[in-house]
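Colleague: Below is one structure. I have some questions about it.
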Amino acid sequence: MKTESIGIITMGCPKNMVDSEKIAAAIRKAGLNVEHEDAEAKIILINTCAFINDAKEESINEILFHVERKKNDENVKVFVFGCMAQRYKDELKKEIPEVDGYFNFDEVNKLIELLTKDKTMPEIDRVLSTPTHYAYLKISEGCNRTCSFCAIPKIRGKMVSVPEEKLLEEAKMLAEKGVKELIIIAQDTVSYGIDIYGEKRIAKLLNKVSKIDGIEWIRLMYTYPAGFPGDLIDEIASNPKILKYIDIPLQHINSDILKSMNRAIDKEGVELLIEKLRKKIPNLAIRSTFIVGYPGEKAKDFLELANFIKKARFERFGVFAYSPEEDTPAFVLPDNVSAKVKMKRMSDLLQIHEKINIEQNNLLIGKKIEVIIDDFSEDEKCFLGRTSSDAPEIDNIVIIYTSKKLNIGDIVSVKVTSIGVFEIICEY
């Protein structure tokens, strides 16, 4: 199939983003023009997400938008892959037959072959969809955890770690492209290596990645609280390239709910872990996510969660309203918390987040902080960046006003002059 324009639309998480970047590399290798998020391309590849109901709806709406384009332009072709195609391929074929092809994970090579006549998927080469100074490194696929609310193991399968030598090769390739910040991702990063090496090797991997020339910041995402490796804590504490930032989705704090969620940790275990991390890693920023409205969550359980968050003072966190997922153990539980109550509880936690954030940001006024420059706003005539405590897209942004020349990807020291709820305003 020959075409002058191929657009890849990526829905959902950074793990999907890496998949799209590798597919883009295969297409570009064949001499074809491909761009990320090009919604006007004649050939559209949609990498879908099926994590929660909202994500499914967004994916369906994206598919329908491009199917509608086909009615006005017979040259438009739409191909769908990713988590929704994996999980609902037969249903999608029946409901949206206008799509030119649905491809599950085992069939992605067929999609590449259809477009390029070459079915080989690059192992490390990627066409980055991020700015060139930061990128995601996906260290494993799938998940061995059995959280009762999560369908990812059903969709993505058991955990399969990428061999260390391939990850180091990929990290070096990214550094050569200009990447300074490497963001480590997987469904469960702390379990990396246990399937191929017989032990958790995440600390050793990070140590080796930190020795790659050009990599200045290493950010660890998607860690699992149960069985958090002690050597990982030590590596983060002692390695200057590993940011003092850990993403630990905790989901809840009530022991009964954690048990029902099958999280393999209780309230005491969570509190001990947070205490240990704070003690061993000074100035640590902890990001987490929480679920409200899980089946059986009573008002007192939610209050317990809210009080825990206030006490732990998480620097960053997100909140999701529980949505039942087919083929999960929790799906058979009565969804007995109303949508209205879920939204209220979510709003209450986000208000707590805003209060904590403002209080913490206020302490920065008048001080100098280190930031990485992500972008320049032509409208506002200012640079946009992030601190080491902020991951792209999901955390605070830093607004920098200056008459001096800065380059995207620079890591500089700036002075904080004022703050917003999720903004830090600085001068350079």
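Residue numbering for the sequence shown follows my numbering, starting at 18 and increasing by one per position. Glycine included, C-beta positions come from ideal geometry on N, C-alpha and C.
Once DSSP output is grouped into helix, strand and coil, what is the label at Tyr262?
Modeller: It is a strand residue.
Colleague: Can you tell me whether Ser277 is buried or exposed, with buried defined as 16 or more other CB within 10 angstroms of its CB?
Modeller: By the 10 Å Cβ count, Ser277 comes out buried.
Colleague: Can you tell me whether Leu401 is helix, strand or coil according to DSSP?
Modeller: Here Leu401 sits in strand by DSSP.
Colleague: Using 8 Å for Cβ pairs, my map puts Ser208 next to Met176. What's the rounded Cβ distance?
Modeller: That pair is a contact at about 6 Å.
Colleague: Quick one: residues in its chain with C-beta nearer than 6 Å to the C-beta of Glu186, no 5 flanking neighbours on either side, listed in chain order?
Modeller: Taken in chain order, the residues that qualify are Ile141.
Colleague: Which term fits Pro242, buried or exposed, when burial requires 16 or more other beta carbons within 10 angstroms of its beta carbon?
Modeller: By the 10 Å Cβ count, Pro242 comes out buried.
Colleague: By how many angstroms is the C-alpha of Gly402 removed from the C-alpha of Pro1?
Modeller: No answer is possible for residue 1: the residues shown for the chain start at 18 and end at 445.
Colleague: Taking only runs of the beta strand (DSSP E) that begin and end inside the segment 169-215, which ones reach a length of at least 3 residues, in chain order?
Modeller: Segments of the beta strand (DSSP E) lying fully in the segment 169-215: 198-202.
Colleague: Smallest Cα separation from Phe331: which of Asp90, Gly247, Glu193, Gln377?
Modeller: Nearest C-alpha to Phe331: Gln377.
Colleague: For Ala203, which of Asp248, Pro346, Arg173, Ala67 has the nearest alpha-carbon?
Modeller: If we check each option's Cα against that of Ala203, Arg173 comes out closest.
Colleague: Does the Cβ-Cβ distance between Ser305 and Pro246 come in under 8 Å?
Modeller: For Ser305 and Pro246, no; Cβs fall outside 8 Å.
Colleague: Using a Cβ-Cβ cut-off of 6 Å (strictly less than) and excluding sequence neighbours within five positions of His83, which residues of its own chain qualify?
Modeller: Excluding residues within five positions, the ones whose Cβ falls inside 6 Å are Ile61, Val95.
Colleague: Taking buried to mean at least 16 other C-beta atoms within 10 Å of its own C-beta, is Gln268 buried or exposed?
Modeller: Classification for Gln268: buried.
Colleague: In angstroms, rounded to a whole number, what distance separates the CA positions of Glu440 and Asn224?
Modeller: Those two C-alpha atoms are separated by around 32 Å.
Colleague: Tyr153 and Ile200: beta carbons closer than 8 Å?
Modeller: A contact, by the Cβ cut-off of 8 Å.
Colleague: Report the three-state DSSP secondary structure of His370 (helix, strand or coil).
Modeller: Helix.
Colleague: So, for Phe400: in the same chain, excluding its five sequence neighbours on each side, which residues have a beta-carbon less than 6 Å away from its beta-carbon?
Modeller: Answer for Phe400: Ile390, Phe393, Ile417, Leu423, listed in chain order.
Colleague: Using a Cβ-Cβ cut-off of 8 Å (strictly less than) and excluding sequence neighbours within five positions of Ala42, which residues of its own chain qualify?
Modeller: Pro139, Asp142, Arg143, Val144.
Colleague: Would Ile259 and Ile235 be called neighbours here (beta carbons separated by less than 8 Å)?
Modeller: Contact: yes.
Colleague: Val17 bridges to which residues according to DSSP?
Modeller: Since the first and last residues shown for the chain are 18 and 445, residue 17 lies out of range.
Colleague: Could you give the uninterrupted runs of the beta strand (DSSP E) lying entirely in the segment 320-397, keeping only those of 3 residues or more?
Modeller: Complete beta strand (DSSP E) runs here, min 3: 333-338, 385-394.
Colleague: Leaving out five residues before and five after Ala281 in sequence, what residues of the same chain have Cβ atoms less than 6 Å from its Cβ?
Modeller: So the qualifying residues of the chain are Ala243.
Colleague: What residues in its chain sit with their C-beta under 8 Å from that of Glu54, if we drop five residues either side in the sequence?
Modeller: Excluding sequence neighbours, Glu54 sits near Gly24, Ile25, Ile26, Thr27, Ser146.
Colleague: In this structure, does DSSP put Lys421 in helix, strand or coil?
Modeller: In the structure shown, Lys421 sits in coil (DSSP, three-state: anything other than H, G, I, E or B).
Colleague: Would you mind listing the beta strand (DSSP E) stretches within the segment 20-73 that are 3+ residues and don't spill past its ends, in chain order?
Modeller: Entirely contained in the segment 20-73, the beta strand (DSSP E) runs reaching 3 residues are, in chain order, 23-27, 51-53, 60-65.
Colleague: How big is the Cα-Cα spacing for Pro180 and Ile213?
Modeller: Cα to Cα, the separation comes out at about 8 Å.
Colleague: Give every residue of the same chain whose Cβ lies closer than 8 Å to the Cβ of Lys19, excluding the five residues on either side of it in the sequence, and list them in chain order.
Modeller: For Lys19, the pLDDT reaches just 49, beneath the cut-off of 50, and the residue's location in the model is therefore unreliable, leaving the point undetermined.
Colleague: Return helix, strand or coil for Ala254, following the three-state DSSP convention.
Modeller: In this structure, Ala254 counts as helix in the three-state DSSP scheme.
Colleague: Going by DSSP, name the residue or residues bridged to Ser165.
Modeller: Paired residues: none, contrary to the question.
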